[in-house]
Amino acid sequence: MISLFLSRVYRSIKIDPDVFDEVQKDKSATLPAAIVVLISSSAAGFGASHLGMMNFFFAPILSLLSWFIWSYIVYFVGVKLFPDAKTKINQVNVLRAIGFSSAPGIIRALSFNQDLMTVTFIGSAFWMLACMVVAVRQTLNFKSLWKAFGVVVIAWLIQAFGLIVILTLTRNF
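Note that the numbering used here has the sequence shown beginning at 167, numbered continuously upward.
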């Protein structure tokens, strides 16, 4: 079981398209996907701990919530708004694939100072973006990486807009 998990994490980091097909179909991969999100976000919290220990404690909680919301937005945009003919999937399948696409974020644990933090956080963000685009293409059975990229960008814009609205509404509290 652990060797399968580590193999999937490694293959996700390598951006192996087959691993995203595999995890989206494997109903027992939901908890492992959540563990990948927790490890990745804990690595970010650890890497940013020199900015304050609250980052280490809040990063995993916020990442789990963000992962769930993000996967639902990707599902909505990719399945409901812009599906391909072969796009027939449920939200939990998308959740699993997107969870494993956060595996490259583990590198953020290497952020021992501000300079390394900048490099590892920006580098891992682009790496995770590439994983996510491949995960979306595979999971939603898209023929085009560009379409998957478009779905990810539209979903990101929706999530960013929602976050701005929430921050604007709650800033006086």
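Where is the CB? At the ideal position from N, CA and C, for every residue including glycine.
query                                                                                                                                    : result
Does the distance from the C-beta atom of alanine 314 to that of valine 302 stay below 8 Å?                                              : yes
With distances taken between CB atoms, is the gap from leucine 172 to glycine 213 smaller than 8 Å?                                      : no
Give me the Cβ distance between threonine 305 and valine 260, rounded to the nearest whole Å; I'm assuming they're in contact under 8 Å. : 6 Å
Answer yes or no: do isoleucine 272 and alanine 209 have a C-beta to C-beta separation smaller than 8 Å?                                 : yes
Just the C-alpha distance for glycine 244 and leucine 323, rounded to the nearest angstrom, thanks.                                      : 14 Å
Among Arg274, Leu204, Arg337, which has the Cα closest to the Cα of leucine 230?                                                         : Leu204
Mapping DSSP to helix, strand and coil, what is arginine 274?                                                                            : helix
Apart from the five residues on each side of it in sequence, which residues of its chain come closer than 7 Å, Cβ to Cβ, to valine 185?  : Arg174, Arg177, Ser178, Phe266
Could you give the distance in angstroms between the alpha-carbon of lysine 252 and the alpha-carbon of alanine 200?                     : 27 Å
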